[in-house]
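Just below is one structure, and these are the notes that go with it.
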Amino acid sequence: MHIALTYLLEVLASLFGGACLLRAYTNYHGIPLQSPLGRVIASLTDWAVLPLRRMLPKMGRLDLASLLVAFAVKAIQFGIQNVWLGGGLWVWLEMTAVGLVQLICTLITVVMIALVLMSWLRGDPDVYDWLQRVGAPLLRPVQRLIPPLGNVDLSPLIWTLGAQMFSRSLDHWQDQWLQRTLLVV
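Here the sequence shown stands for residues 1 to 185, where the numbers follow the numbering used here.
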């Protein structure tokens, strides 16, 4: 039962926290939330972000309210898991920080895969346009270094592999760190 609850908590926190991070990212890059996917993100996060934004306004392009909500969601998730594990404050803070970075890696992977699938399947043009705008700030630097091979752009693959390799490295590091830390506690 513990594993099922941990998994459910991870999925819910990742979906909501990911939506908040994506909202902050789109705000930073000036990408409007007017597409179908953007409206889903806004409707998922408005209830938590907008009240906080009254107290914590944007700093230039930085959407602190969305970032704080994403952090809080992961902190709550790992706070609950920390109680189950019996870890202390440092374990909780480390799990939260690593969880946020892994969530960013997952978002990069999801956006890149969605971009590739949408380019192959020619889905909704509004969704594809929005995904291209979201992916462009990440893809452009890689595209300058590695030009397309024929008509195949390798930059989404490079980002996906890099994000997944980094996330797995963090998993390995975190597992080792938690084993040492929880054995000491």
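Note that the Cβ used here is the ideal one computed from N, Cα and C, for glycine as well.
In this text, all values refer to a predicted model and were calculated from it rather than measured experimentally.
Within the DSSP secondary-structure output, VAL152 pairs in a beta bridge with LEU149.
Between the stretch 50-64 and the stretch 137-149 there are fewer than three inter-stretch CB-CB distances shorter than 8 Å, so the stretches are not counted as touching.
In this model, TYR28 and LEU89 are separated by some 31 Å (Cα to Cα).
In this structure, the alpha-carbon of LEU121 lies about 16 Å from that of PRO156. At a Cβ-Cβ threshold of 9 Å, VAL83 and CYS20 do not count as neighbours. Taking the Cα positions, ARG23 is about 19 Å away from LEU139. With respect to the 9 Å criterion, ALA75 and THR96 are classified as neighbours on the basis of their beta carbons.
Take PRO36, set aside five residues on each side of it, and the residues of its chain with a beta-carbon closer than 7 Å to its own are ASP124, ASP126 and VAL127, in chain order. Taking every protein chain shown into account, the CB of ASP129 has fewer than 16 other CB atoms within 10 angstroms, so this residue is exposed. Of LEU50, GLU10, ALA4 and ILE3, the smallest CA-CA separation from LEU103 is found for GLU10.
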